[in-house]
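Line by line, the protein sequences are chains A and B. Taking my numbering, the leading residue of the first sequence gets 147, the next gets one more, and so forth. Taking my numbering, the leading residue of the second sequence gets -10, the next gets one more, and so forth.
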Amino acid sequence: MSKNKSVWTSIRFWRRSAAWATGIATILLILLTFDTMGQITMGSDEDLQKGIKRRVPAPTVINYHIDYKMDEKRGHEAPVIGKKEPFFGKEWSKEEAAKLLHKGKLTSQAKNCMNCHTLLGNGSYYAPDLTKAWLDPKWEQMIAMTGAKTKEEAMVKFLMDPDKYPTHERRMPNLNITQEEAQALVAFLKHMSSIDTNGFPRNFSKTVEQYKQGGTNAR
Amino acid sequence: MLASIKSNKLTYESQKLAMMYFRVALILFGAQLLMGLISAIQFIYPDFLYGIFDFSVARMVHINALVVWMLYAMIGSVYLMLPDETGIETVGIKLGKLAFWVLTAAVAVVVLVYIFIQIGPGKESTIWFINEGREYIEAPRWADIGIVVVVLIFYFNVFATYIKGKKRTGIMTVMVANLMALAGLYLAGMFFTDNISVDQYWWWWVIHLWVEATWEVFVGTLAAYALIQIIDAKREIVEMWLWIEVLMLFASGILGLGHHYFWIGTPEYWWEIGALFSALEPVPLVAMFVHVIYDWGKEQGKKGEEGVIKNGPAMAWITTNAFGNFLGAGIWGFFHTLPQVNIYTHGTQFTAAHGHLAFFGAYATILIGMMYLGIQKAYGLERLKATFNSKMAIVLITLGVLGMTVALTIAGYEQVLVERAELGAGWDAFFVAQALPWMKQAMTWRLIMGVVTFIGFIYLFIDLLTIAKKQQN
């Protein structure tokens, strides 16, 4: 390179800069990935028993009451895992819960949920977001509509015959979901509602309160 | 274009193969638009094809056809530029042709299964043979493995030709390195996990690091090659810009991945990382825009009265790319990239608005430009001038996509205010927002503009079939 030539017009300079920037960004991403993976790996059943908070709890979280409440310190809502409650009328062992969650996640993919709904906000925008679907006040209505005794039973009934319980002009189609698959899907949804999503969706609990008070200004 | 296989003047087998890829790409592009129209109709008339061809199916084929036609056109573009950039016939071209037929057969089977079988029971076999149910990369596992094999063959073609070539241009160096990353990333989307946070973490590696990093660099290389081909831009300038673009795209785009990790269960530090780096993502897109317009002006200035453009429609599409990439990916992306905003906009029609303009502006435009470039070569024309059809195509498609984007942005705005800010998401909140006039009118306009886009596509299709034949003499 001659002395008169500026570095700003040197291809070699830009090529090296590009290689360095790409390399550094890639290494940083890999390091961050290791850290994030450690934080989002599912917790254990012992964590749940001891009340240790994990971003993604163990499958046995389905044995607990789950809520989504404002966390003053963090400035947004966070899942709150409460006391034990029966899920489909029983307590699920570690193996049973893991198996059920596996089946539920598999079914959510096999039935292509993501091409109408969003899950953790990702997917399609034709139907409601499912991130906190387990906590949705709508299920209270569904218990009455389906004649079920509990929320999880109502969810199963709805999932098996969604076309029978239309709530809006846009109806969920019948996806030939079996009873076993529907139970697994409910477990998958309950587990997803316990994931710490940094406060997404915001004000979900506000809806619950407003809903109970009889609607909103939007109507 | 379809006839060009017989009448073409191409001496390189590689460029003939490129034309084959372009043909399938064009057909899949049409399929994508048709599926989009069906989904758009279902937004307004939910009973349309209900229970027969549900929204989930139409939408899945819509976005899969999009990804696949773009990959086809991208592979075609590489086979087109390989001989020009290396000075030799592509190494292992026969294997490349075999791979084309294998891939096309596999795509046909996958699409038929999507359309006629649609979904399966909640078992592993569904994920292996019907669909994987993960947005954009729904292709069942057997097809994933097939795609990997085909891509390996393709990459062997490119790499061996690059090594054996008479010259090693900067454009090819970027292409070879970038393609390795692009192909390798697909592997991150090929496993199953019960943990949906981990699932989406790696899913974004494929989706984001494709469309906001490696695909963008790919577009940079295509633009560099096309500017040399179309307006005789000076290689040194083009390649220097290309390296600057690579620098800025990867420096911002790789960690910009963080803006997808705000709400999927991942730690809070992604807020700052994602916000900072993704806010920088539009910068290279400005650079790319400036570069195209600058080179055009510079070369035109040198020639004086004489026309500098050897391929009118290709240049028009590449200029549209420069605008569209900045507007669709840059501006519309920046709108909702900060976590303070994204907490409300995440997963609303805002995303759909951005998706439509970005995929069109950043990718569809330049790939259509490459098709015109291929046709010019196939007919051995010194100059390819825009016809009435070319002009109708670019005007209607651009207008249509812009119209859809504006409509979806309005829909998204309403959804954000009502469903998210006021009602805080949830079942009823969602449907209250969907039923308001702002949403309904926007969805009607989206359909109208979708039809405009489709009419533009018909002009494009006819133009690609006839443009070169008319100008042969």
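C-beta atoms are modelled at their ideal positions from N, C-alpha and C, and glycine is treated no differently. Just so it is clear, the structure is predicted and the values come from calculations on it, not from any experiment.
Distance between beta carbons of residue j and residue i, contact taken as under 8 Å
i, j, result
"E124/B", "D221/B", "Between D221/B and E124/B the Cβ distance is about 42 Å, and since that is not below 8 Å, they are no contact."
"T277/A", "L265/A", "7 Å"
"L1/B", "P72/B", "A small fix is needed here, since residue 1/B is Tyr in this sequence, not Leu. With 8 Å as the limit, Y1/B and P72/B qualify as a contact, their Cβ atoms being about 4 Å apart."
"I320/B", "A212/B", "Not a contact, Cβ separation roughly 19 Å."
"G345/A", "E192/A", "That pair is no contact at about 27 Å."
"I508/B", "I219/B", "Nothing about residue 508/B can be reported from this structure: the residues present for chain B run from -10 to 462 only."
"L346/B", "T394/B", "4 Å"
"P426/B", "Y361/B", "About 42 Å; that fails the 8 Å criterion."
Exposed unless 16 or more other CB atoms sit within 10 angstroms - verdict on residue i
i, result
"M147/A", "Confidence is the limiting factor: at M147/A the pLDDT is only 48, short of 50, which leaves the residue's position unreliable, though a coordinate-based value still follows. With fewer than 16 Cβ atoms within 10 Å of its Cβ, M147/A is classed as exposed."
"R365/A", "Because the pLDDT at R365/A is just 44, under 50, the model does not fix this residue reliably, and the point stays unresolved."
"T75/B", "buried"
"N146/B", "buried"
"L198/B", "buried"
"D417/B", "buried"
"F322/B", "The sequence shown places Gly at residue 322/B, not Phe. The residue in question, G322/B, is buried, as its Cβ has 16 or more Cβ neighbours within 10 Å."
"Y34/B", "exposed"
"G189/A", "buried"
"L194/A", "buried"
"S114/B", "exposed"
"Y283/B", "exposed"
"K336/A", "buried"
"H248/B", "buried"
"F419/B", "buried"
"N322/A", "exposed"
"A457/B", "buried"
"F105/B", "exposed"
"S367/A", "Residue 367/A falls outside the range modelled here, since chain A spans only 147 to 365, and no answer is possible."
Contacts that residue i makes with chain D (C-beta to C-beta distance below 8 Å)
i, result
"Y402/B", "Among the protein chains in the structure shown, which are A and B, there is no chain D."
Residues of its chain near residue i, where Cβ-Cβ distance is below 7 Å and the 5 sequence neighbours each way are ignored
i, result
"I142/B", "L84, G85, A88"
"F148/B", "V165"
"K151/A", "none"
"E78/B", "Y1, E2, S3, P72"
"W260/B", "F251, P328"
"D217/A", "E223, A224"
Enclosing beta strand (DSSP E) for residue i [first to last residue]
i, result
"E223/A", "222 to 230"
"H211/A", "210 to 217"
Own chain partners of residue i with C-beta closer than 6 Å, once the 5 adjacent residues on each side are dropped
i, result
"L17/B", "A54, V57, W58"
"M70/B", "Y214"
"E237/A", "N209"
"R200/A", "G189, D193"
"H263/A", "G269, A273, L276"
"L269/B", "S241"
Range covered by the alpha helix (DSSP H) that runs through residue i
i, result
"D193/A", "191 to 196"
"M183/A", "157 to 186"
"D275/A", "Premise fails: D275/A is in no alpha helix (DSSP H) and is neither H nor E."
"Q329/B", "328 to 334"
"R435/B", "426 to 459"
"W321/B", "321 to 324"
"T75/B", "44 to 75"
"S241/B", "224 to 245"
"T162/B", "159 to 174"
"T340/B", "338 to 347"
"V102/B", "82 to 105"
"R12/B", "2 to 33"
"M381/B", "377 to 404"
"P302/B", "301 to 313"
Cutoff 8 Å; reference residue i; Cβ partners in own chain excluding five residues on either side
i, result
"L26/B", "L436, G439, V440, F443"
"I447/B", "none"
"Y144/B", "L168, M169, A172"
Any non-hydrogen atom of the ligand GTP closer than 7 Å to residue i Cβ
i, result
"F18/B", "Among the components modelled here there is no ligand, and therefore nothing to report on the ligand GTP."
task = Give, in chain order, every residue of the stretch 249 to 283 of chain B whose Cβ lies closer than 9 Å to some Cβ of chain A.
result = H249, Y250, F251, W252, I253, G254, T255, P256, E257, Y258, W259, W260, I262, F266
request  = Below 7 Å between beta carbons is the criterion; list the residues of the stretch 192 to 209 of chain A that meet it against any residue of chain B, in chain order.
outcome  = R201, V202
message = At a CB distance below 8 Å, what residues from the stretch 205 to 219 of chain B approach chain A? Give them in sequence order.
response = none
ask   = Using Cβ-Cβ distances below 9 Å, what residues of the stretch 319 to 333 of chain A are close to chain B?
value = Under the 9 Å Cβ criterion, the stretch 319 to 333 of chain A contributes P319, N320, L321, N322, I323, T324, E326, E327, A330, L331.
inquiry  = Taking beta-carbon pairs under 8 Å, can you tell me which members of the stretch 102 to 120 of chain B lie near chain A?
reply    = Q107, I108, G109, P110, G111, K112, E113, T115, I116, I119, N120
task = Check each residue of the stretch 215 to 247 of chain A: if its Cβ is closer than 7 Å to any Cβ of chain B, include it; give the result in chain order.
result = L247
message = Taking beta-carbon pairs under 8 Å, can you tell me which members of the stretch 427 to 438 of chain B lie near chain A?
response = none
query = Taking a cut of 8 Å between CB atoms, which residues from the stretch 321 to 333 of chain B lie near chain A?
reply = Listed by position along the chain: I332, Y333.
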